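If you use this note's numbering, the sequence shown corresponds to residues 284 to 384, in order. Single-structure report; data block below.
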Amino acid sequence: LTLDFTLKLLNIHEHVSCGAPCVMEGETGVSKTALTKMYSILVNSQQMRIASVSTVDTLELTLHELMTAFPGVALDNDECILEQILTFLETSSQHTSTDVG
């Protein structure tokens, strides 16, 4: 899970949250399908219990990576994981801008 991939996920989430159209285009093999699948997994993370075993394994690994990268993310929270990451990034950028200025 790279920073670029995470930012693309957050961009998709912003569009979906606002009800704005989100069009993804690109050459073959640039992870358009992987982005949509990962977005679906993250948005529907509360449905993890009814997913297949391989999907659950993938989701647990991804969630572990996300929680390591973004310490403020918690599964026990009712808020969407991507919303938690956005909040974490906004808080981090506010601290950075006040530290610099």
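Cβ atoms here follow ideal geometry from the backbone N, Cα and C, with glycine treated the same way. Every value quoted in this text rests on a predicted model; they were computed, and no experiment measured them.
If we call anything under 9 Å between Cβ atoms a contact, is residue i one with residue j?
i, j, result
"Leu286", "Leu325", "no"
"Leu293", "Leu349", "no"
"Val299", "Tyr322", "yes"
So residue i is in the alpha helix (DSSP H); what residue range does that whole segment cover?
i, result
"Val313", "Where Val313 is concerned, there is no enclosing alpha helix (DSSP H), given that its DSSP letter is neither H nor E."
"Thr289", "Leu286 to Cys301"
Going by DSSP in three states, residue i sits in which element: helix, strand or coil?
i, result
"Val326", "helix"
"Phe371", "helix"
"Met321", "helix"
"Met350", "helix"
Three or more C-beta pairs closer than 8 Å, one from the segment 365 to 378 and one from the segment 306 to 316: is that the case here? no
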